[in-house]
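This report refers to the structure that appears directly beneath it.
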Amino acid sequence: MNLSYILLIPFVPLAVFLVLGIFNQKIKPAVSGYVGVAGLAISTLLSYYTAFQYFFVHGKADGVYQTFVDKFIWMHFTESLHIDMGYLIDPISVMMMVVVSTVSLMVNIYSRGYMKGDDGYTRFFAYLSLFTFSMFGLVLATNLFQIYIFWELVGVSSFLLIGYYYTKTSAIAAAKKAFIVTRFADFGFLIGIFIMGYYTGTFDFQELTNPEGVVILNWASTSFMGLSVITWALILIFMGGAGKSAMFPLHIWLPDAMEGPTPVSALIHAATMVVAGVYLVARLFPMFYLVEGGFALQIVAYVGAFSSLFAAIIAITQTDIKRVLAFSTMSQLGYMMMALGVSGFEGHEGVGYMASMFHLFTHAMFKALLFLGAGSVIHAVHSNYLKDMGGLRKYMPVTNITFLIAALAIAGVPPLAGFWSKDEILVAAYENSQFIYYIGVFVAGLTAFYMFRIYFGIFWGKDTKYEHTPHESPSSMTLPLLILAFLTLIAGFVPFSELVTADKTGFEAHLNLPLAAIAVGVGLIGIILAWIFYKKENDLATRFASAFGVFYKWTSHKFYFDEIYFFMARKVFFKSVAAPIAFFDKKFVDGTMEGIGNKTVLVSRKIKAIQSGKVQDYAFGFVAGVVIIAFVFIYIWTN
Amino acid sequence: MIPGVSITEILTLTSILFFIGIYGFITRKNLISILISVELILNASVVNFVIINKYLFPDVLQGVVYSIFIIAVAAAETALAVAIIINLYRQVSSVEVKETEVMKY
Amino acid sequence: MDLNNFFLMRHELTLLVIILILLIAEIFISEAKKSRVVSLALLLFGIHTVSGFFPLAESNLFGGMFRSNELIHFFKNVLNLGVLILLLQSADWVKEKMTSNDRGTEFFILLFASLFGMYFMISAGDFLMFYIGLELSTLPIAALAAFEVMKRSSSEAGIKLILSAALASGVSLFGISMLYATAGSIYFDEIILNITADNLTLLGFLLFFAGLAFKISLVPFHFWTADVYEGAPISIASYLSVISKGAAVFILMILLFSILKPLMEVWEKLIYVLALATMFTGNLFALRQQNMKRFLAFSSIAQAGFILLGLITGTQLGTATVVYFVTIYIFSNLAAFGVVQAISLQTGRENMKDYEGLYRTNPNLSLVMMLALFSLAGIPPVAGFFGKFFLFTAAASEGYYLLVFLAVVNVTISLYYYLLVIRAMFIRKGEDPIPFFRNKVYMRIGLLITVIGILALGLYSPLYDYIFQLSGILK
Amino acid sequence: MDILSLFVIVPILVILALVFSKGLKQARIIAMSGGIIQLGMAINLIFAYIRERAVNNSIMLFTKDLTWFEQMNIHYSIGVDGISVALITLTSIVVLAGVFISWKIEDLPKEFFVSLIVLSTGVYGFFISIDLFTMFVFYEIAVIPMYLLIGIWGSGPKEYSAMKLTLMLMGASAVLLVGILGIYFNSNADGGALTFNILEIAKVNIPFEAQKLFFPMTFIGFAVLGALFPFHTWSPDGHASAPTAVSMLHAGVLMKLGGYGIFRVAMYLLPEGALEWSWFFIILSAIGVIYGAFAALRQTDLKYINAYASVSHLGMVSFALLMLNKTAWNGAILQSLSHGFMTALFFALIGMIYSRTHTRDITKLGGLLKVIPFISAIYVITGLALLGLPGFSGFVAEMNIFMGAFLHDDMFHRVLTIVSISAIVVTAVYVLRVVGIMLMGPVKNTAYLKLPKATWYEKAGVMLLLIPIVGIGVAPLWLSNMILESLEPFIRGVL
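Residue numbers (the UniProt record's numbering), protein chains in the order written: chain A, 1 to 639; chain B, 1 to 105; chain C, 1 to 475; chain D, 1 to 495.
Encoded structure:
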């Protein structure tokens with residue numbers, strides 16, 4: 001099938017970015033908004049078309065989804081080792097394209113309302129387009145290096161967007177933090193890539209992930225410290241993924257990233273960029289699974305599980321709704337990682353893989369919805385904090401409904417999207433390891449609880465007096481909410497197990513009733529608790545909090561991770577490494593060089609007395625010179 | 001050829017003469033006496049040339065001729081030196097060597 | 001010998017004639033027209049210089065006391081050029097002397113006499129001729145150093161020079177007498193035959209060497225240099241620093257490479273040591289000089305140290321590089337002294353501080369000075385670089401890498417103080433910069449020639465190749 | 001007149017024209033037109049080179065050989081390969097940009113442009129010459145004008161910095177000179193004649209002892225110019241005191257002479273020495289890489305930050321060169337180029353900021369993005385380029401370097417490689433630090449609220465430098481191919 005038009009999907013946003021970026025000053029805001037949306041609309045349509053073509057028309061050949069690749073050499077390292085540029089079409093990339101384009105389009109539409117009247121409106125849309133372009137590039141990458149390249153670009157656009165309000169110090173700090181933390185993760189990623197490239201001789205995904213390929217077959221060729229170098233490479237690469245997907249302990253940037261405009265949080269820090277890590281692992285899944293008995297995959301599983309639990313706990317105590325959502329995102333990402341970690345490869349064993357991709361898909365929808373909803377709330381009350389909210393259902397019905405749908409979805413209430421994907425994950429976990437399964441269930445409960453905590457807190461709870469009464473957001477903002485809500489409703493019914501699977505063959509997914517029941521039950525318990533605590537204004541919550549005491553304090557301070565990192569950065573690196581080096585440079589290295597010069601001058605001052613001006617001293621010098629020389633050359637230095 | 005006096009003794013004498021000259025040059029306070037010391041040094045070599053010629057290579061008179069030239073040149077040298085010293089005397093009305101230490105370092 | 005190979009001493013004879021003419025002129029030209037003597041002298045010497053370039057056969061006169069060959073001719077021509085430039089630069093100063101107090105003709109007479117002495121020193125074939133030449137070249141300069149009778153510093157310089165010179169010549173004479181004792185002759189050709197490295201010969205050689213080292217002002221025989229340069233009239237200082245130094249280097253080279261070759265493994269060590277001592281001392285003293293003449297004095301000491309790097313080899317390459325370097329050095333140093341001369345003539349200021357902001361008032365002078373200093377420091381593309389580079393090449397060709405390295409370190413040190421002058425002229429603004437003035441025509445011509453020399457000598461390579469091929473004559 | 005010598009002759013003509021020019025207006029017009037002509041020549045050279053290379057696969061193209069000093073066997077012999085062509089282009093671009101940036105120089109404009117062009121002449125000559133002597137001559141010609149340029153038109157402790165810079169570089173050339181002489185006198189090891197010609201010497205196999213002795217001299221001699229730790233201390237002061245255009249030219253082009261010289265002379269002529277000593281200099285370079293980055297982290301003066309950044313990035317160059325394989329070398333050359341453009345651009349921007357705010361202290365600045373958007377935006381972009389963002393030249397270069405370094409699989413190289421790679425994180429930190437403090441945030445000083453926007457010539461200069469950065473970053477293949485094929489003889493020579 002002819003796929004060349006796919007190039008348009010990334011390049012239209014790029015073109016938009018260039019236009020908006022270069023003529024930033026010239027273009028009128030209104031225009032730029034339309035340009036952005038239009039550009040995205042094209043990409044979206046194309047990606048839908050592609051998805052349709054791929055999944056239902058041309059994609060399948062004798063039961064297996066084919067991989068279509070078109071690439072050219074971008075740069076040579078050695079004759080054999082080179083970076084390619086191109087696009088790779090297979091189930092997950094197509095799926096991701098749909099996700100990215102959809103959410104991105106929604107956010108673009110939404111932003112036209114949300115960002116109205118902001119100077120730098122154009123800049124905002126430019127950044128959005130840049131991000132979208134990079135994200136498409138990342139999704140379509142054909143090899144490790146290409147994915148790394150766009151990985152970095154995505155990071156930068158995230159930096160730019162978080163720091164969008166660049167006069168706000170907190171925003172700057174957050175942006176820097178996000179970039180540097182991910183950069184640190186990418187440092188691992190990069191080394192991983194190099195190791196991979198050096199020992200396998202290729203970066204190309206197809207060669208790497210081919211289960212019968214040389215790479216996977218002789219993974220054991222070289223080993224380092226008891227593990228195969230390939231495993232090391234995978235672990236390092238996962239480090240990169242963990243950085244982007246805010247896995248523990250590289251998660252600290254994500255909450256702060258909420259300093260950015262809410263649409264950005266919805267697009268980048270909920271739906272698309274943060275799942276890049278998951279996507280990366282999924283991309284290399286065969287390696288993770290097959291190399292060294294899936295050692296690396298174990299790590300992925302446990303990191304994912306722990307992160308999801310950790311984040312869920314923190315989420316309970318946060319009072320900034322966006323931060324709650326951020327931690328919820330982290331927790332959900334942990335879920336996906338976990339799912340990948342517990343997945344198998346062949347046929348139905350690959351349910352975890354499928355589930356994680358499924359969850360990625362659904363989560364993108366409802367989490368974007370949640371954020372956009374939160375955005376419209378914030379837009380209305382001009383605050384991020386629960387204490388300033390309450391009883392908003394009267395004022396903003398649409399937001400209320402859509403938010404509720406999303407909350408239910410994430411809580412895993414059937415028949416909403418979240419239910420299906422979450423159920424599959426739990427199934428996978430259950431089949432693989434009880435321990436992880438229980439964590440998953442517990443997290444499901446927590447999720448339901450904190451999500452409804454904020455839901456009730458915002459829309460029910462105390463009737464706050466607002467100085468100017470909040471009102472429903474303009475249609476440009478509610479429209480995307482409705483669309484996403486609709487998607488959230490239906491997304492669960494997409495037959496993922498046929499479409500997106502580890503071995504690309506597809507299998508018969510069936511609902512495991514008992515597990516589903518448990519999951520839903522736990523979810524409901526959470527919701528009910530939240531109902532009790534927050535439906536009406538009461539002090540139950542505070543009493544519980546005080547009951548937990550220290551633990552509560554720790555949690556609300558996110559277990560002091562920021563402080564630890566801050567200490568590392570400021571005290572250790574800046575004060576204890578950089579400062580001494582700068583000092584050393586000035587004092588010693590430079591000092592030596594100057595010392596040589598000064599000594600020379602000093603000597604020349606010291607010896608000036610030799611030139612005494614007395615002709616007789618000169619004569620003495622003369623004669624003494626003669627005598628000494630004569631003595632030396634006649635008696636001592638003779639051979 | 002002085003009977004009973006070997007070349008070594010005379011050469012020793014000239015060497016002593018030479019170093020007396022050096023010593024005088026370095027120690028005397030008066031420019032004129034420094035000039036005299038110079039004369040001593042030169043004369044040491046003059047004697048040397050003559051003696052060496054006479055004792056070692058008597059057949060050719062190189063040394064003797066040389067010594068005559070030295071004497072002539074020495075005379076010129078002294079004359080010039082005295083002229084300059086007088087010039088200095090005009091300005092500082094002294095011929096002490098310590099008057100010539102303005103420029104130093 | 002008959003008359004026409006008597007004419008082989010063309011340089012000497014013409015110069016002698018010039019001296020005589022000047023003497024007569026001194027007598028017959030009336031007071032009012034005295035200043036014409038300058039033009040006359042310049043004219044005559046110009047002719048002499050030009051005539052020097054006409055080819056001249058090898059000669060060996062007075063039974064080998066006087067000998068001359070192409071290399072020596074070439075070098076005499078170089079000296080002539082140098083003196084000509086020097087005369088041009090100092091013409092105005094001499095005129096001034098003449099108008100103020102009726103003296104000046106003797107300036108030329110003495111100067112030429114000294115040059116005359118150098119001719120004989122260079123082409124000496126035996127120690128007697130050498131000695132006469134040496135003295136003849138030194139004594140007039142002592143007189144000239146004391147030329148400014150009204151200035152105490154001038155006569156002090158004269159005294160210091162004459163006394164030190166006397167001592168030096170005395171010592172070297174004593175040495176020569178010893179060489180005579182061991183070799184049994186004062187003729188170079190005969191000495192070569194039966195010279196051996198026994199102790200007496202060595203002692204004689206060393207004493208003799210000291211005498212020449214004094215003229216080249218190598219450490220530790222250099223003490224007189226700075227004071228004399230400072231006290232003496234600038235033209236004399238520059239004469240001492242280029243002409244007499246150059247001549248001394250040349251004859252030293254001839255002696256070392258020909259008759260003293262058997263003592264090589266002694267004098268190469270000696271030169272190694274002296275080279276280092278001279279370079280370091282010269283540079284270290286130059287660092288903190290404020291008076292330009294003194295500054296250039298020490299810089300010229302350091303330069304002498306560099307020259308030794310060529311002498312140490314004892315090969316044709318060495319000869320070539322030394323002659324080449326000396327030629328370039330004459331031009332560079334004359335340019336520097338010329339600028340100092342011009343400025344002190346106009347304003348009587350000789351300190352580095354007075355040079356601050358010079359570029360903004362007198363750009364051309366400062367540019368000449370910059371070229372000169374770069375040439376002395378050995379910065380391309382001016383000639384000095386090539387001169388130094390080739391000297392180092394020569395030293396390296398004999399494997400003296402360490403020496404070369406230390407020498408180049410010295411180049412860096414020297415660059416420092418040369419840059420100090422450039423800093424003063426170009427970077428500093430200065431409280432009262434020297435106001436703009438136009439030089440007289442002679443001075444301009446003088447400086448122009450030096451500049452042309454500085455630029456051309458390096459880039460115009462055939463010169464070096466010519467010198468190299470001439471140097472074949474030695475050994 | 002052959003295409004290469006023009007690169008020496010045209011500047012000389014421009015200088016002559018300048019000498020007879022009157023006032024700032026004429027001077028800058030002449031300088032600019034000269035720069036444009038040279039840029040044109042450089043671009044023409046690229047195409048000519050590609051055309052020629054297709055039909056002619058000798059090591060050097062457009063070679064020309066005039067005997068200079070017959071007896072010493074010194075020749076004015078020139079020729080280029082892909083590497084020199086690339087660097088020549090870099091030079092021409094930076095020079096032109098420099099002229100644009102110093103459009104408004106008041107004090108002695110004529111002299112300024114003259115010295116600037118003398119410097120560039122030296123650089124061109126250095127890049128085209130394949131005769132050690134000629135090379136050395138041009139090297140010094142390129143270095144000396146710095147003294148006047150910094151001393152006269154500089155700022156701050158200019159006399160001190162100028163003197164320090166000149167003396168350290170000259171001291172380096174002292175060591176270098178010994179090295180060159182050493183090579184020269186061993187160039188007849190196979191019984192041939194003594195020669196300075198690089199290609200000739202490369203054929204000779206110089207005795208191992210000599211190589212061991214002279215490699216470090218040659219290497220250090222050049223590496224000081226390349227700001228190798230611990231010989232880098234001239235560069236922060238020098239750059240800080242130098243006027244903008246000079247910093248640009250110096251960091252952008254002159255420091256590249258170091259890497260180029262190391263490559264073309266030290267490693268190409270003394271391969272065994274290189275093998276013998278590589279471990280030592282690799283350590284120094286790696287230290288330099290990480291050390292410079294950390295030192296930059298602490299500075300508050302923009303120019304110091306950039307200077308230390310240069311130390312770090314040029315450390316990577318020598319690091320890569322010592323990896324002794326094609327990939328790393330390719331990276332090294334690319335790094336030289338990209339660093340040339342980036343750092344020149346940085347200095348240009350710093351100059352613009354300084355000329356407006358009269359301070360380079362980032363703690364005093366803030367919120368510039370709001371006040372002078374164009375300059376600030378470009379600054380951000382350059383910063384991102386500096387920290388090796390894909391799509392900019394820096395990324396391409398660094399990836400090549402690191403991949404090349406990874407081709408050694410012994411512990412020693414691995415560790416140092418990873419240490420060097422970690423610099424990319426630190427780089428990110430100090431770049432973002434500047435961006436965060438200086439460009440973003442609230443406007444600290446209300447006086448800055450009405451700073452003049454960028455003028456046309458500033459924009460021109462900036463664009464001139466930005467385009468190649470992006471160009472190389474987006475489509476590196478043709479360039480890296482051009483370099484790679486030129487590396488062939490070195491591979492044969494060294495490995």
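Backbone N, C-alpha and C fix where the C-beta goes; we use that ideal spot for every residue, glycine too.
Here Leu287(C) is not bridged, per DSSP, to any residue.
Within the region 372–425 of chain D, the runs of alpha helix (DSSP H) at least 4 residues long that lie entirely inside it are, in chain order, 373–386 and 393–406. Shown in chain order are the members of the region 274–301 of chain D whose Cβ falls below 8 Å from a Cβ of chain A: Tyr291, Phe294, Ala295, Leu297, Arg298 and Gln299. Two segments are said to touch when three or more pairs of C-beta atoms, one from each, lie closer than 8 Å; by this definition the region 332–349 of chain C touches the region 230–239 of chain C. If you look at Thr67(D), you'll find it in the beta strand (DSSP E) that goes Leu61 to Phe69. Within chain A, the residues placing a beta-carbon under 9 Å from that of Glu101(B) are Ser612, Gly613, Lys614 and Val615, ordered along the chain. With contacts defined by Cβ atoms closer than 8 Å, Leu105(A) and Leu160(A) do not form a contacting pair. Secondary structure remark: continuous alpha helix (DSSP H) runs of at least 4 residues inside the region 91–164 of chain A, in chain order: 91–114, 121–140 and 144–162. The shortest C-alpha to C-alpha distance from Ile109(A) to any of Gly243(A), Phe544(A) and Pro480(A) is the one to Pro480(A). Sequence-distant Cβ neighbours of Leu484(D) in its own chain, meaning closer than 6 Å and more than five residues away, are Asn330. Counting only unbroken stretches of 4 or more residues, the alpha helix (DSSP H) elements lying wholly within the region 175–213 of chain A are 205–209, in sequence order. A direct Cα-to-Cα measurement between His76(A) and Asp186(A) gives close to 22 Å.
Contacts with chain C at 8 Å (Cβ-Cβ) do not include Asn30(B). For the region 152–176 of chain D, the set of positions with a beta-carbon nearer than 7 Å to some beta-carbon of chain C reads Ile152, Glu159, Met163, Thr166, Leu167, Met170, Gly171 and Ala174 in chain order. About 7 Å separates the beta carbon of Ile425(A) from that of Ser356(A), a gap short enough to meet the 8 Å contact definition.
Here Val80(D) is near Leu4(D), since their CB atoms are less than 8 Å apart. Within the region 278–322 of chain C, the runs of alpha helix (DSSP H) at least 4 residues long that lie entirely inside it are, in chain order, 292–311. Around the beta carbon of Leu511(A), a 10 Å sphere encloses fewer than 16 other beta carbons of the protein chains shown; the residue is thus reported as exposed.
Inclusion of Met389(A) and Tyr114(A) in the CB contact set at 8 Å is not warranted, their separation being larger than that value. Under a 10 Å Cβ-count criterion, Pro13(A) is classified as buried, with 16 or more other Cβ atoms of the shown protein chains found around its own Cβ.
The continuous alpha helix (DSSP H) containing Asn598(A) extends over residues Asp590 to Lys606. Here the C-alpha atom of Pro495(A) lies approximately 17 Å from the C-alpha atom of Met97(A). Under the three-state reduction of DSSP, Val494(A) is assigned to coil, being neither helix nor strand. Flagged as an interface residue toward chain D: Thr78(A), by a C-beta distance shorter than 8 Å. Of all C-beta pairs linking the region 18–25 of chain C to the region 49–63 of chain C, fewer than three are shorter than 8 Å, placing the two stretches out of contact. Glu458(D) has a beta carbon lying at 8 Å or more from every beta carbon in chain C. With at least 16 other beta carbons inside 10 angstroms of its own, Asn80(C) counts as buried.
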